[in-house]
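Chains as they are written, first to last, in my numbering: chain X, 13 to 366; chain U, 94 to 631.
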């Protein structure tokens, strides 16, 4: 028996060591080494960014939470016009449940926060945080849980996507993860600047629409965010990211209006959606999903009342008192514009994560 | 608690540790407890059904002992009826109900029988068939009824085979529970090696192929041409590695504790006919159908037309056993049909084949050289006269030319050429068998008959949406590499015997290197958090 156990231990050690070494050096999700110089693909932002703020509790005083769309919100511009020290907590497929979890961890770890700016999408009311997914694992506050996850990351099987995904090595995308927290689509921006005629090709795909409804759950999470913030003296501002107009037109306006009504009952929020001079121009978007940095600047200018940056038709503050008029107008405009534009909408499908 | 989870590893280590620590007389209690724990880990309610089957089969078998034939017939009928009723209600009620609904709606008649929202326990088809074989064996007098209820309950619920087989006969498995198993180093390591090979097949081959194939099967209409063709050919390999992988793990687990289970797969893709294929694929199920259905229906002792009818019944039922869907029925029926046609045409096909290969035998070496020269010259000369060959055409011409050149050289050697043509003939028969199996297998993996027909009719259409197959070059190369490794091992096993026995003859450092390599491959190239075992559905 001893001989057998010894042999098994030797085989396990010899066969597992190269796997651990590979994962340590490749560090696909940027969790193990966190060496910026060797960042390859999009990190597990939920883990790395949260851990970074815990380790630097006084470096920032405010946070912008959002999905990947929020990566284009200009932190320096916000700092300049608010006098704050913001960190961009943009997360791949980030939704309120993520923001709530991270806020809880940050508050528990006494990270200084004065204000949070929370960017949502209509998708936030349809899909949940990515589950069972190495890029979606939240930073575990419990040390034992953290060890267990480090072990998982150390023994990940080979995943060829690390060689096929968008590179975050400073050539395709530059990620200032330990600075402002935002990233820049270098390659795509360069391509738009040098070959603007090729840009429309990025919008030739059918527009995907999700048809789930998790409004109740999402609103409950938002309520928890608000009460957590109130309890800890943190002020909040909510906004909904601007979708490319055809994407907005493919969505169900009744669902959107339902979200607006219910959301406005809880808090005021800025909505940057609907047809406007900004959302209707594909050159304001990197691709079908993400807006570009100038759009982010316009949004922040509108929220922080910086004059002469955003056009008048871009962004409206929705409150309990104006939501009825806002949604009525949104429905009318949606119906009219839907007829004007040739849309390529895919049949609606279930959210990847519920 | 799948075999490929950490939980199962912990469970297994604890069970094996206790097994060898306990005296023999207590081991059945441990194994029975472990088997029920294992099954109830999925859902505690599963225990009710398996316990019901155990009690019914145990009780009727005891009652049959020493009774008149009529009483025995009555008792066996009761046992079979109860077990089949449980299986039919749980597994087939909704299928029959929805099929009737479709039929009635075709004639515009309203049909309002509601579907049942009932629990579908994993492995019910396997343990029900295992229990039924015992009942029928007792009725036939093949064996005496088991008096020890605990040992019998262990036979029905033995955890290595509970969910996915092999479907063990009482005559082989039950007596082993009485044997005192000692810790045997060689046997234990043999079991571990078999488990490792099972994990390799499941995690490295089957689950890697599944990354691509599941995309095509989930939405076949999004693809045509190359991706569909690749899915058609790779799917049988995925299913084999998935199921054979599970079986090897099960056999390995049992072997560690000293129990020898039935071989369930014997390199089916090296079969030279469909009949041969079905003697190598899911052996425990097919032999069950042979012994308990085909032979009672008359087997080969009845006129030809009855034999064909019996074959059709066996394969259709076998399809239905796999799943309550028309796709499985069609898959089973197609295989039955192919076997009937192959039996009917056996003589003329054999005659044609013999004559073709005898002809090839007689082709002189010079002719091979001429053909080789012609093909290679064509690549160079045809563009000169304005005929352009496609890239694929050029490659095929060069490969063909080289093949004829090699054949010509071998032809000059006499005896090796005869072996070469014999090998060629065998390869041709294996390829034809695999094709029939692969094309019928399309219906095994798709959600509807329509999807299956689409795949069959669009496999050779112009290619559309090959991205899941070709966009990730590394994944594509890995897929091809793991399939190649698997096939080489299958081939070696077929012609050189057990790989484990072969490895045993090598020096210690080579053995150690191989074990490390396979463990590394499982850890590094295995797909984790992926699909369940395909056969768990059945």
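All C-beta atoms, glycine included, are put in the ideal place defined by N, C-alpha and C.
Here the structure is a predicted model, which is why all the values come from computation and not from measurement.
Who are the Cβ neighbours of residue i in its own chain at under 6 Å, not counting the five residues just before and after it?
i	result
residue 276 of chain U	113
residue 579 of chain U	298
residue 100 of chain U	94
residue 22 of chain X	none
residue 468 of chain U	490, 493 and 494
residue 273 of chain X	335
Going by beta carbon distance, what residues of the same chain come within less than 8 Å of residue i, once the five residues before and after it are set aside?
i	result
residue 315 of chain X	129, 249, 251, 282 and 327
residue 423 of chain U	412, 536, 542 and 545
Since residue i contacts residue j with CB under 8 Å, what's their CB separation in whole angstroms?
i	j	result
residue 223 of chain U	residue 260 of chain U	5 Å
residue 411 of chain U	residue 425 of chain U	5 Å
residue 278 of chain X	residue 246 of chain X	In fact, because the Cβ distance is near 16 Å, the residues do not count as touching under 8 Å.
residue 115 of chain U	residue 173 of chain U	Not a contact, Cβ separation roughly 36 Å.
residue 305 of chain U	residue 555 of chain U	The Cβ separation is near 20 Å, so there is no contact.
residue 142 of chain X	residue 105 of chain X	5 Å
residue 228 of chain U	residue 153 of chain U	6 Å
residue 198 of chain X	residue 186 of chain X	5 Å
residue 214 of chain U	residue 142 of chain U	6 Å
residue 330 of chain X	residue 280 of chain X	7 Å
residue 345 of chain U	residue 291 of chain U	6 Å
Give me, in chain order, the residues of the same chain whose beta-carbon lies closer than 7 Å to that of residue i; leave out the 5 immediate sequence neighbours on both sides.
i	result
residue 419 of chain U	542
residue 274 of chain U	350 and 351
residue 46 of chain X	60
residue 325 of chain X	288 and 289
residue 161 of chain X	149 and 152
residue 309 of chain X	86, 89 and 321
residue 510 of chain U	503 and 504
residue 236 of chain U	230, 263 and 264
Report buried or exposed for residue i, applying the criterion of at least 16 other Cβ atoms within 10 angstroms of its Cβ.
i	result
residue 484 of chain U	exposed
residue 195 of chain U	exposed
residue 192 of chain X	buried
residue 323 of chain X	exposed
residue 37 of chain X	exposed
residue 528 of chain U	exposed
residue 228 of chain X	exposed
residue 295 of chain X	exposed
residue 244 of chain X	exposed
residue 600 of chain U	exposed
residue 199 of chain U	exposed
residue 443 of chain U	exposed
residue 443 of chain X	Nothing can be reported for residue 443 of chain X: it is not among the residues displayed for chain X, which extend from 13 to 366.
residue 25 of chain X	exposed
residue 97 of chain U	buried
residue 183 of chain U	buried
- Task: Report the residues of the region 280-300 of chain U with a CB closer than 8 Å to any CB of chain X, ordered along the chain.
- Result: 281, 282 and 285
- Task: Below 8 Å between beta carbons is the criterion; list the residues of the region 176-191 of chain X that meet it against any residue of chain U, in chain order.
- Result: 176
- Residues of the region 537-570 of chain U whose Cβ lies closer than 7 Å to any Cβ of chain X, in chain order: 565, 567 and 568
- Message: Suppose only complete runs of 4+ residues qualify. What are the alpha helix (DSSP H) ranges in the region 329-407 of chain U, listed by chain order?
- Response: 367-373 and 376-382
- Which of the residues in the region 150-176 of chain X, read from start to end, lie with their CB under 7 Å from any CB of chain U? 167, 169, 170, 172, 175 and 176
- Item | Contact list for the region 199-220 of chain X against chain U, Cβ threshold 9 Å | none
- Query: Closer than 9 Å, Cβ to any Cβ of chain X: which residues of the region 607-620 of chain U, in chain order?
  - Reply: 608, 609, 610, 611, 612, 613, 614, 615, 616, 617, 618, 619 and 620
- Where the region 265-280 of chain U meets chain X: residues whose CB sits under 7 Å from a CB there: 276 and 278
- Task: Pull out every residue of the region 22-34 of chain X whose Cβ sits closer than 8 Å to any Cβ of chain U, in chain order.
- Result: 22, 23, 24, 26, 27, 28, 30, 31 and 34
- Query: For the region 209-255 of chain U, which segments carrying the alpha helix (DSSP H) assignment without a break, of at least 4 residues, lie completely within its bounds, in sequence order?
  - Reply: 217-233, 242-250 and 252-255
- Message: Please give me, in chain order, every unbroken run of the alpha helix (DSSP H) with length at least 4 that falls completely inside the region 560-599 of chain U.
- Response: 560-563, 566-589 and 592-597
- Query: If you measure beta-carbon to beta-carbon, which residues of the region 42-57 of chain X are closer than 9 Å to chain U?
  - Reply: none
- Query: Which runs of the alpha helix (DSSP H) spanning at least 4 residues fall entirely within the region 242-279 of chain X, listed in chain order?
  - Reply: 257-262 and 265-278
- Message: Output needed in chain order: residues of the region 97-119 of chain X with a Cβ under 7 Å from some Cβ in chain U.
- Response: none
- Every unbroken alpha helix (DSSP H) within the region 418-493 of chain U, with a cutoff of 4 residues, ordered by chain: 419-437, 439-455 and 458-477
- Message: Could you tell me which whole beta strand (DSSP E) segments of length 3 or greater appear in the region 272-351 of chain X?
- Response: 281-283 and 328-330
- Message: Please identify, using Cβ separations under 7 Å, the residues of the region 299-319 of chain X that lie next to chain U, in order along the chain.
- Response: none
- Message: If we require 3 or more residues per run, which beta strand (DSSP E) segments fall completely within the region 46-99 of chain X?
- Response: 74-78
- Message: Closer than 7 Å between beta carbons: that is the criterion. Which residues of the region 350-361 of chain X meet it against chain U?
- Response: none
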